[in-house]
Amino acid sequence: MSSKSRTVLSISQKVPPETNPTAIRSSKTLKYLPKDWQIHVLSGNKEATLDQAHIHFARSWYPGKLLRFIRGIKFGKLLDWLVWPDEDIFWLLPAVFKGINVIKTYDIDLIIVFLKPYSAGLIGILLKWLTGKPLVINVCEPSTCDDLYAVFPTKLHYYLNRWLEDIYVRQSDAIVYVSQLSLEQVCSRQTKEQHSKFHLIRGGADPQDFQGIIGSNAVSNDFKIVFTGGMTGWEEFLNFPNQSVIKKLRHAWMNWGRYFNVNVNPASSSPIFIGRAIKQVVAQNPDWAGKIKLKIYGNKFESASAVLKDQDLSDVVTVTGPVPYSDALQKLQSANLLFMPLPDRLDGTPGDRISLKTYEYLMTDRPILAAVPPGENRNYLSDKPGVHLVNPFDVKAMAQVLEQLMAKHMVGETLVVDRVETQRKISYSRRGDELATLILDVLHKADDGKSLTGPLVMGTTNISGQR
258 MSSKSRTVLS
268 ISQKVPPETN
278 PTAIRSSKTL
288 KYLPKDWQIH
298 VLSGNKEATL
308 DQAHIHFARS
318 WYPGKLLRFI
328 RGIKFGKLLD
338 WLVWPDEDIF
348 WLLPAVFKGI
358 NVIKTYDIDL
368 IIVFLKPYSA
378 GLIGILLKWL
388 TGKPLVINVC
398 EPSTCDDLYA
408 VFPTKLHYYL
418 NRWLEDIYVR
428 QSDAIVYVSQ
438 LSLEQVCSRQ
448 TKEQHSKFHL
458 IRGGADPQDF
468 QGIIGSNAVS
478 NDFKIVFTGG
488 MTGWEEFLNF
498 PNQSVIKKLR
508 HAWMNWGRYF
518 NVNVNPASSS
528 PIFIGRAIKQ
538 VVAQNPDWAG
548 KIKLKIYGNK
558 FESASAVLKD
568 QDLSDVVTVT
578 GPVPYSDALQ
588 KLQSANLLFM
598 PLPDRLDGTP
608 GDRISLKTYE
618 YLMTDRPILA
628 AVPPGENRNY
638 LSDKPGVHLV
648 NPFDVKAMAQ
658 VLEQLMAKHM
668 VGETLVVDRV
678 ETQRKISYSR
688 RGDELATLIL
698 DVLHKADDGK
708 SLTGPLVMGT
718 TNISGQR
């Protein structure tokens, strides 16, 4: 196939300076496409920036005042019902108009859409219909991933989301998932003719983000456990006062008609159980009192201190608000142990979610304690070096891991983990190779007037370079 320069239009509403998972994945993957490719990014963020990419801004027609008024009079539930698939649907038309102009002006070869928002996929489909350009859809977080989205406004909305995901498969030339289980679940609903469109390109981490970050291996009796990000599950431990009749009626109204696709218990993604494990270890080893602490960076839950006080964990768990992304990475490398919890699934079925935090943690040389349920995240971590897997509510197992690592730490034994090979595999430079290979294959089949005929073996073509 031709090695000539390609011109790609990325529909990426979420890009830096935003730091959500979709913004990180889209910017990092595009960064490592071949250096001689021309990358154009269509974004709804006026402050969007991406090195060596051409940014095109389209302002959303979002009726902010109207929607705020509706919420202000306590009718936000109507918005849940009527605004679908998400509030970014108001970006659709301006993005299509701008996208057509960009495609014609810069002779775009291919369109790639990074979801979410999920409505962005409709932009890609319309642009494909109107311009004839091939389309790749990259699903960072499936709207039907029940680990992330277990509750829908109504059962109809659940089936609408499934229908939309199926439409994206049929209308795209290739569709990318980050989770093997997600890919398999969606693929199982499709006809055999659609199966060859599915490709797995996992998340990753950028080694350049970790350059210059020096791990703290200083001799100290303190043992610091670190979690970065917005930890959830706090609400499960709040003590609510007796509510008035009006508040009870409003709560019933807001929950009326909601459809629960799967029951998850967010309590396990809180710091409560690891905090109890720390307490248990200290009770068995009194000399370690005050030495083992969990530090949470990036938490936004306003009542965190109240929850910790009520659970008698204030002395072993400290919470800090949002910090810059670079600072968060520094915190990871300064830890003695990294902690990653996920919500438990009450029915015991495997979940298809895999957290972006997984790759960021693996890019360090620190041991990891992962309290995750059966499913994609646990499967992926099962063979990774220095990872201790426990069930989400298993305080005893957490305590055993903590005691084992703390004992080594106290006698000066290193806890550093060799992950050089793992880090090479999860680097975004490799993800850029994988995406470039897929794009070239789609373009090759489009030039031949053929559809994709088989799955690609990702990462076999070394054609990347930092943009």
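In terms of our numbering, the sequence shown opens at residue 258 and continues consecutively.
The beta carbon of each residue, even a glycine, is placed where N, CA and C say it ideally should be.
Given the structure is predicted, the values throughout are model-derived calculations rather than measurements.
Ordered along the chain, which non-local residues of its own chain (more than five positions away) have a Cβ less than 6 Å from that of residue i?
i, result
"residue 399", "439"
"residue 428", "382"
"residue 632", "607 and 608"
"residue 425", "378 and 394"
"residue 645", "626 and 658"
"residue 654", "647"
"residue 537", "656"
"residue 507", "none"
In terms of alpha-carbon separation, which member of the options lies closest to residue i?
i, options, result
"residue 530", "652, 496, 610 and 618", "652"
"residue 575", "603, 551, 642 and 477", "551"
"residue 486", "518, 443 and 615", "615"
"residue 405", "678, 523, 553 and 365", "523"
"residue 337", "590, 379 and 515", "515"
"residue 581", "301, 274 and 461", "274"
"residue 527", "564, 327 and 693", "564"
"residue 285", "295, 317, 311 and 464", "464"
"residue 698", "267, 416 and 367", "367"
"residue 557", "567, 566, 544 and 579", "579"
"residue 281", "665, 671, 323 and 617", "617"
"residue 585", "267, 269, 276 and 265", "276"
"residue 601", "293, 525, 684 and 334", "525"
"residue 454", "431, 462 and 435", "431"
"residue 595", "313, 672, 361 and 490", "672"
Measure the alpha-carbon distance for residue i versus residue j and round it to whole angstroms.
i, j, result
"residue 447", "residue 422", "11 Å"
"residue 350", "residue 370", "15 Å"
"residue 641", "residue 456", "22 Å"
"residue 712", "residue 677", "Residue placement at residue 712 is poorly supported in this model, since its pLDDT is 42, which falls under 50; the coordinates are not used for a value here."
"residue 621", "residue 571", "28 Å"
"residue 680", "residue 388", "39 Å"
"residue 649", "residue 638", "15 Å"
"residue 703", "residue 682", "30 Å"
"residue 467", "residue 587", "8 Å"
"residue 244", "residue 415", "One cannot answer for residue 244 here, as it falls past the ends of the chain, which runs 258 to 724."
"residue 265", "residue 318", "25 Å"
"residue 546", "residue 539", "6 Å"
"residue 358", "residue 577", "45 Å"
"residue 347", "residue 303", "16 Å"
"residue 327", "residue 481", "46 Å"
"residue 700", "residue 391", "7 Å"
"residue 409", "residue 521", "13 Å"
"residue 419", "residue 669", "53 Å"
"residue 441", "residue 636", "14 Å"
"residue 385", "residue 629", "40 Å"
Does the Cβ of residue i have 16 or more other Cβ atoms within 10 Å, making it buried, or fewer, making it exposed?
i, result
"residue 706", "exposed"
"residue 634", "buried"
"residue 719", "Only weak support is given to the placement of residue 719: the predicted model assigns it a pLDDT of 41, under 50, and the value that follows is read from those uncertain coordinates. Per the 10 Å Cβ criterion, exposed."
"residue 592", "buried"
"residue 258", "The pLDDT assigned to residue 258 is 39, lower than 50, so where the model puts this residue is not dependable; a value taken from the coordinates is nonetheless given after this. Exposed, since its Cβ has fewer than 16 Cβ neighbours within 10 Å."
"residue 484", "buried"
"residue 709", "The predicted position of residue 709 is uncertain, since its pLDDT is 45 and thus under 50; no value can be drawn from it."
"residue 513", "exposed"
"residue 517", "exposed"
"residue 503", "exposed"
"residue 688", "buried"
"residue 511", "exposed"
"residue 610", "buried"
"residue 661", "exposed"
"residue 345", "buried"
Within a Cβ cutoff of 7 Å, which residues of the same chain sit near residue i, ignoring the five residues on either side of it in sequence?
i, result
"residue 478", "548 and 667"
"residue 452", "444"
"residue 437", "457 and 633"
"residue 316", "351"
"residue 495", "560 and 564"
"residue 534", "652, 655, 656 and 659"
"residue 333", "327"
Taking 8 Å as the limit between beta carbons, can you name the residues of its chain near residue i, skipping five residues before and five after?
i, result
"residue 278", "397, 398, 460 and 613"
"residue 364", "264"
"residue 323", "none"
"residue 532", "551, 565, 568, 570, 573 and 574"
*Fully enclosed by the region 422–483, which alpha helix (DSSP H) runs are 4 residues long or longer?*
437–444 and 464–467
*Taking only runs that begin and end inside the region 630–677, name each unbroken beta strand (DSSP E) of 3 or more residues, in chain order.*
644–647
*asked:* Please give the ranges of any beta strand (DSSP E) in the region 345–397, keeping only runs that are unbroken, at least 3 residues long and fully inside the region.
replied: 367–372 and 392–396
*Go through the region 597–624 residue by residue and report every complete run of the beta strand (DSSP E) that reaches 3 residues or more, in order.*
none
*Which parts of the region 276–301 are runs of the alpha helix (DSSP H), unbroken and 4 residues or longer, counting only runs that do not cross its ends?*
278–288
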